[in-house]
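Going by our numbering, the sequence shown opens with residue 43, and the numbers climb by one from there.
Just so it is clear, CB atoms sit at the ideal spot from N, CA and C, and this is done for glycine as well.
Everything below concerns the one structure shown next.
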Amino acid sequence: MSQMDLTYSHVLKNPSQLEEQNTSIGLVSLGDLYLNAVGTHPSALDDSNATKDILASLLERACKANSDRPFRVMLNDQSALALKQLKGADSEPEEANPAMGLRGVSRYASEAGKPGFVFECEVLKKAIQEKQLPLEIVVPFVRTSSEAATMIDLLAEQGLCRGANGLKVLLACQLPANAVLAESLLAYFDGIIIDVDNLAAFTLAVDFGDEALPYAFNKHNEAVKSLIRDTIRKTQLADKPVQVLAQESDKAIIELAEGANVELVYQ
């Protein structure tokens, strides 16, 4: 891919984005879409089948706004803190540090998180089997290679087998461990999406929304950029696709991605 061929797209988080003209959807954040379109905890849904239909229809509309790119859907990466805001969220556990608690694979395998994971898998199967959407699954918060193997097994248990009928499963690189272990993790995944916001937050141990911090931190820190460059290099050497998920204001990160001929997806 030459720099002239580089393309840009956006993350779908809210159904209202689908009303905008000329918006290209490069990634669907299923967790955000669920929060904004449904607002009720999966364990408290009155009619789960109707809700699955709503979400599958939104995925279909998003796919049409995808401009012939790979259509990628990221599983719910929300913490218990965010999910507690949903109606009927009594089953959500109390956690001392939700940002570093049950998220991603650890959540899907837990008693509290499994119902939501099964629900999401049903939505994806409906989109794939009934609506014939060529979607690819993006998995967030994979902390270890063992969790990577567990994730592939969890998906297979729900009828979403990596490789079956061409199904691809990608990794959301959100943790320093993902960048460091990218070579071994790529044995389990078909590509990587680098989530700059989360990667920077965990690299610097900073909540960027916390105004009480005594001085400014930013995502352009050399440690963050080094991890991004390293992940891009390892993924490209493995001849697998890599994207950078960033804010449009992240100018230094955008320049880094463009210099590496990597497609950008804007938050």
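{"Asked": "Our contact map puts residue 304 next to residue 289 with C-beta atoms below 8 Å; I'd like the distance itself, whole angstroms only.", "Found": "Not confirmed; about 16 Å, so no contact."}
{"Asked": "By alpha-carbon positions, which one of 217, 231, 187 ends up nearest to residue 208?", "Found": "231"}
{"Asked": "Closer than 8 Å by C-beta to residue 201: which residues in its own chain qualify, once you throw out the five before and the five after it? Chain order, please.", "Found": "163, 167"}
{"Asked": "Assign residue 72 to one of three DSSP states: helix, strand, or coil.", "Found": "helix"}
{"Asked": "Assign residue 132 to one of three DSSP states: helix, strand, or coil.", "Found": "coil"}
{"Asked": "Span of the alpha helix (DSSP H) holding residue 257?", "Found": "Segment: none, residue 257 is in no alpha helix (DSSP H) and carries neither H nor E."}
{"Asked": "Could you work out which residue in 100, 79, 257, 298 is closest to residue 175 when comparing CA atoms only?", "Found": "100"}
{"Asked": "Which whole-angstrom value describes the C-beta separation of residue 142 and residue 214, a residue pair presumed to lie in contact below a C-beta threshold of 8 Å?", "Found": "Their Cβ separation, rounded to whole angstroms, is 16 Å, which puts residue 142 and residue 214 out of contact at 8 Å."}
{"Asked": "Would residue 161 and residue 57 be called neighbours here (beta carbons separated by less than 8 Å)?", "Found": "no"}
{"Asked": "Between 150, 148, 121, which lies nearest to residue 15 when the distance is taken from Cα to Cα?", "Found": "A question about residue 15 goes unanswered here, because the residues of the chain that appear run from 43 up to 309."}
{"Asked": "Compute the minimum distance between the beta carbon of residue 81 and the heavy atoms of the ligand ZN, and state whether it is under 7 Å.", "Found": "Judged by which ligands are present, the structure shown has none, so any question about the ligand ZN falls away."}
{"Asked": "When the distance is taken between beta carbons, is residue 54 closer than 8 Å to residue 86?", "Found": "no"}
{"Asked": "Tell me whether the beta-carbon of residue 130 lies closer than 8 Å to the beta-carbon of residue 82.", "Found": "yes"}
{"Asked": "Alpha carbon to alpha carbon, how far is residue 294 from residue 93? Give it in angstroms, no decimals.", "Found": "40 Å"}
{"Asked": "Around the C-beta of residue 182, are 16 or more other C-beta atoms found within 10 angstroms, so that it is buried, or is it exposed?", "Found": "buried"}
{"Asked": "Between the alpha carbons of residue 238 and residue 216, how many angstroms are there, rounded?", "Found": "7 Å"}
{"Asked": "Looking only at DSSP bridge pairs, what is residue 284 linked to?", "Found": "234"}
{"Asked": "Helix, strand or coil for residue 275, going by three-state DSSP, please let me know.", "Found": "helix"}
{"Asked": "Does the pairing of the segment 262 to 282 with the segment 217 to 227 give three or more beta-carbon distances under 8 Å?", "Found": "yes"}
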